[in-house]
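Chemist: Just dropping this structure here.
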Amino acid sequence: MGKPDFLPPPSPAAGPTTPLAESAGSISLNPTASTFSAANLGNHRQTYFDDDPTELATDDLPPLYDEHENDAVPFIDPLAPAGPAASILNLEPFKRDPRSDTVYYLDSRLDSDPKYLNDALVHLSQLPPRPFAQIRGTHTETRRKSDDKTEQVTVVDFDIEIELTHLLYHNIQDPTNGAWRKLHAVGNLEKVRRGTVFPTRAAGFGGSGGIIESGEPTVEEWCHRFCASRAGLKNMAFERRVTGWDWDYLKKQLERLVHDTNYRGHTSITFPVRNSRVEIYNACRVNQMRLTKWIEVMFMLTLMFLFAWPYLFFRTKRWETVYAEWSLSRDEPDGTGCVERRFASMSEAQWYQMWARAIQKAVLERRQGHLDQGDVERADQPADQAGGFAGMVQAGVEAMGVVNRSFGWGGDSGSAPRRFKFGRR
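Using my numbering, read the sequence shown as starting at 11 and increasing by one per residue.
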């Protein structure tokens with residue numbers, strides 16, 4: 011490869027050549043006498059090789075990732091109650107069960123200090139439940155297997171959920187005071203576990219045994235009774251209930267909405283409430299073992315649960331006497347001597363009117379998953395406004411919905427057709 015013309019010719023008195031077989035004079039574009047001296051040859055070699063750069067000052071370096079992580083703002087739950095109650099209690103759950111959506115607590119302070127237990131229940135009552143509206147449609151099909159036998163298979167046509175948690179708040183910017191909630195103790199006529207194995211009413215009100223109640227015990231009284239109990243295994247269950255809507259009315263409206271699509275399968279309308287149950291166990295080794303997953307699996311595999319379950323069931327004294335009520339509506343005087351029903355956010359009829367079109371559209375599209383506010387907006391948007399390929403897809407889906415409405419869809423299938431096998435005789 012030739013040398014550039016603008017480089018000077020090598021000096022005959024030059025020293026040893028560089029690693030690229032170039033003379034020392036070719037290192038500088040402006041050679042001088044001092045440049046070709048042996049004393050400065052080392053300096054040129056230093057600038058020629060890829061030596062490490064000079065160390066930068068600490069202020070010039072970019073910040074490390076862990077510095078950003080330490081300075082990052084921690085996540086704050088917008089629906090968590092404000093105030094130092096949680097930090098003062100320093101209460102952490104022992105276990106969360108994703109199957110039953112139950113949170114378990116195992117803390118010696120909860121079964122020995124009535125004041126601490128009462129403060130913990132007050133704090134837990136401020137955490138909101140999560141109500142949902144779930145619309146699900148299924149049908150059964152008879153399919154023939156490879157061995158020429160038939161089997162019944164359940165096919166999910168649609169399964170959609172809509173969260174209703176935000177409807178619990180009349181002012182969601184203030185989670186502490188922006189909802190209608192109250193901590194209650196059960197009445198004497200309610201059939202629940204009152205430090206017993208089986209549900210019962212209060213003594214003197216249809217329940218047997220114990221001291222006859224002169225009144226209805228308060229939450230503080232139940233906390234004292236739980237902590238004072240000498241039972242070796244005891245449990246207090248706490249529940250968050252959602253009230254204030256006519257769920258039967260809303261269920262009938264949604265069933266009719268699905269039926270209007272000419273759907274012929276099996277429709278299920280439910281209103282599950284998640285994050286609704288808390289169970290508090292007294293701190294002991296047996297309760298710690300019963301809440302440990304690997305021990306539970308071991309007992310199931312070895313069939314030891316056949317002996318352990320009756321023991322735990324009859325030995326554990328249970329209290330189901332405290333609950334938190336979250337109201338979607340309440341009755342208030344209107345100033346004329348009458349009572350007016352007031353809603354925290356909106357009524358069930360208003361909610362249905364807002365979501366009806368989006369739900370029906372999702373059913374016809376055979377959606378599975380959650381619906382949000384975007385589905386409401388898209389349901390009110392005509393297909394021609396969503397231009398391009400998206401508009402074509404939307405128009406095609408709507409055309410399929412028209413066909414389904416006309417001829418019906420989602421019905422159970424009959425027996426599978428027999429497949430003929432061809433082969434040598």
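Glycine residues also receive a C-beta, built at the ideal position from the N, C-alpha and C atoms.
Kindly list the residues whose CB is nearer than 8 Å to the CB of residue 283, restricted to its own chain and excluding five residues on each side of it in sequence; keep chain order.
Modeler: 139, 140, 141, 142, 250, 251, 252
Chemist: Run through DSSP, which three-state label would residue 147 get?
Modeler: Looking at residue 147 - three-state DSSP - the assignment turns out to be strand.
Chemist: Take residue 381 and list the residues in its own chain whose beta-carbon comes closer than 8 Å to its own, dropping the five residues that flank it on each side.
Modeler: 170, 171, 172, 365, 368, 369, 372
Chemist: Taking 8 Å as the cut-off, decide whether the C-beta atoms of residue 330 and residue 202 are in contact.
Modeler: yes
Chemist: Got a sec, what are the start and stop residues for the alpha helix (DSSP H) residue 307 sits in?
Modeler: 303 to 311
Chemist: Rounded to the nearest angstrom, what separates residue 319 and residue 325 at their Cα positions?
Modeler: 10 Å
Chemist: With a threshold of 16 other CB atoms inside 10 Å of the CB of residue 255, please say whether the residue is buried or exposed.
Modeler: buried
Chemist: For the beta strand (DSSP E) that contains residue 351, what are its first and last residues?
Modeler: 349 to 353
Chemist: Of all the alpha helix (DSSP H) runs that stay within the bounds of the region 170 to 257, which reach a length of 4 or more residues?
Modeler: 229 to 238
Chemist: So is residue 244 buried or exposed if we call it buried at 16+ other beta carbons inside 10 Å?
Modeler: buried
Chemist: In the DSSP assignment, the alpha helix (DSSP H) including residue 139 goes from what residue to what residue?
Modeler: Looking at the DSSP string, residue 139 is not in any alpha helix (DSSP H), and its letter there is neither H nor E.
Chemist: Which term fits residue 155, buried or exposed, when burial requires 16 or more other beta carbons within 10 angstroms of its beta carbon?
Modeler: exposed
Chemist: Does the count of Cβ pairs from the region 219 to 231 and the region 188 to 202 closer than 8 Å reach three?
Modeler: yes
Chemist: Return helix, strand or coil for residue 315, following the three-state DSSP convention.
Modeler: helix
Chemist: Please classify residue 384: does DSSP put it in a helix, a strand, or coil?
Modeler: Judged by DSSP in its simplified three-state form, residue 384 adopts helix.
Chemist: One question on the structure: do residue 146 and residue 239 come within less than 8 Å of each other, judged by their Cβ atoms?
Modeler: no
Chemist: Report the option in 110, 117, 148, 175 whose CA atom is closest to the CA atom of residue 102.
Modeler: 117
Chemist: Cα-Cα, which of 341, 362, 387 is closest to residue 264?
Modeler: 362
Chemist: Using DSSP with H/G/I as helix, E/B as strand and the rest coil, what is residue 155?
Modeler: coil
Chemist: Take residue 230 as the anchor and find which of 129, 351, 336 has the nearest alpha-carbon.
Modeler: 129
Chemist: Taking the alpha-carbon of residue 247 as reference, which of 209, 296, 391, 332 has the nearest alpha-carbon?
Modeler: 332
Chemist: What does the Cβ neighbour count give for residue 113, buried or exposed, with the cut at 16 atoms within 10 Å?
Modeler: buried
Chemist: Tell me the DSSP secondary structure of residue 375 in three-state form.
Modeler: coil
Chemist: Tell me the DSSP secondary structure of residue 334 in three-state form.
Modeler: strand
Chemist: Among the residues of its own chain, which have a CB less than 8 Å from the CB of residue 299, if the five just before and after it don't count?
Modeler: 305
Chemist: Specify, as a first and last residue, the run of the beta strand (DSSP E) that residue 441 falls within.
Modeler: Nothing in the structure corresponds to residue 441, since the chain is present only between 11 and 435.
Chemist: I'd like the span of the alpha helix (DSSP H) that includes residue 300, first residue to last.
Modeler: 295 to 300
Chemist: State the beta-bridge partners of residue 105 as determined by DSSP.
Modeler: According to DSSP, which records beta bridges pairwise, residue 105 is partnered with 114.
Chemist: Would a C-beta distance cut-off of 8 Å place residue 448 and residue 124 closer than the cut-off?
Modeler: Since the displayed the chain opens at 11 and closes at 435, residue 448 lies outside it and no answer follows.
Chemist: By how many angstroms is the C-alpha of residue 327 removed from the C-alpha of residue 301?
Modeler: CA-CA distance, residue 301 to residue 327, rounds to 16 Å.
Chemist: Please report the Cβ distance between residue 160 and residue 148, rounded to the nearest whole angstrom; I am assuming they are in contact, meaning their Cβ atoms lie under 8 Å.
Modeler: The Cβ separation is near 18 Å, so there is no contact.
Chemist: Quick one: using the 10 Å Cβ neighbour count with 16 as the cut-off for buried, is residue 323 buried or exposed?
Modeler: By the neighbour-count criterion, in which a residue is buried when 16 or more other Cβ atoms sit within 10 angstroms of its Cβ, residue 323 is exposed.
Chemist: So residue 133 packs on residue 99, CB below 8 Å; how close in whole Å?
Modeler: 6 Å
Chemist: Using a 10 Å radius around the Cβ and a threshold of 16 neighbouring Cβ atoms, would you call residue 216 buried or exposed?
Modeler: Residue 216 is exposed by the Cβ-count criterion.
Chemist: Less than 8 Å between the beta carbons of residue 295 and residue 168, yes or no?
Modeler: Their beta carbons are not under 8 Å apart, which means residue 295 does not touch residue 168 by this criterion.
Chemist: Taking only three categories from DSSP, how would you classify residue 168?
Modeler: Three-state result, residue 168: strand.
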